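Colleague: With the sequence shown counted from 1, adding 52 to any position gets you the numbering used here.
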Amino acid sequence: MKEIIKKFSGEVIDKLDEGAIKIMKSSSSIAIRLSFGIIFIWFGILKPLHLSPAEDLLKATVVWLPFGSPEIWLIIIGWWEVVIGICFLFKKTTRLAIILLLTQMVGTFMPLVFLPVVTFQSNNILLPTLEGQYIIKNLLIISAALVLGGEINRQKSRR
53 MKEIIKKFSG
63 EVIDKLDEGA
73 IKIMKSSSSI
83 AIRLSFGIIF
93 IWFGILKPLH
103 LSPAEDLLKA
113 TVVWLPFGSP
123 EIWLIIIGWW
133 EVVIGICFLF
143 KKTTRLAIIL
153 LLTQMVGTFM
163 PLVFLPVVTF
173 QSNNILLPTL
183 EGQYIIKNLL
193 IISAALVLGG
203 EINRQKSRR
């Protein structure tokens with residue numbers, strides 16, 4: 053009797069697992085694209101409206117650039133992020149969104165190098181501040197973009 057129950061429960065778990073995997077496969081790309089769209093449009097639009105909590109950090113990061121004021125860069129980067137978000141909303145522009153995102157991420161990580169006093173506690177790279185954590189979490193965004201990019205190529209090769 054125990055073997056029958058064990059076998060039956062194993063089959064039920066396998067079927068549930070297969071169903072869950074099927075749902076995740078069919079919804080993961082759209083979930084990532086929509087999440088990126090919402091996040092980049094939302095956080096991006098806050099910058100030109102001067103409502104972003106990252107404004108001071110961004111301005112301190114770009115102050116050394118040889119052209120444009122930190123104020124102009126704030127607006128440019130904000131609209132750049134909005135464009136990234138919009139591009140993620142459409143399947144045909146996802147590849148462009150990924151390219152724009154990866155380009156933007158170069159600048160996003162700059163405070164870790166140029167402003168360690170702001171991004172790490174006591175300049176210890178093992179102790180990020182809240183700002184440092186905010187930046188480091190972008191590794192997950194980059195990874196999700198890479199997964200999404202891999203899905204685009206996989207879908208094309210199936211055709």
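All residues carry an ideal CB built from backbone N, CA and C; glycine is no exception.
The structure presented is a predicted model; accordingly, all values stated were derived computationally and were not measured.
Measure from the alpha carbon of Trp125 to the alpha carbon of each residue in Arg85, Tyr186, Phe88, Leu110, then state which is nearest.
Modeller: Comparing Cα-Cα distances from Trp125 to each of Arg85, Tyr186, Phe88, Leu110, the minimum goes to Leu110.
Colleague: Please return the same chain residues whose Cβ sits closer than 7 angstroms to the Cβ of Lys143, not counting the five positions on each side in sequence.
Modeller: Nothing listed; no residue qualifies.
Colleague: Can you say whether Ala72 is buried or exposed, counting buried as having 16 or more other CB atoms within 10 angstroms of its CB?
Modeller: Result: exposed.
Colleague: How far does the alpha helix (DSSP H) with Thr146 in it reach, from first residue to last?
Modeller: Segment 146-160, the alpha helix (DSSP H) holding Thr146.
Colleague: Three-state secondary structure (DSSP) at Phe92?
Modeller: Helix, per DSSP.
Colleague: Less than 8 angstroms between C-beta atoms, sequence neighbours within five positions excluded: which residues of the same chain meet that for Trp132?
Modeller: Here the set comprises Gly96, Leu152, Gln156.
Colleague: Under 7 angstroms from any heavy atom of the ligand SAH, does the C-beta of Leu101 make it?
Modeller: The ligand SAH is not part of the structure shown, which contains no ligands of any sort.
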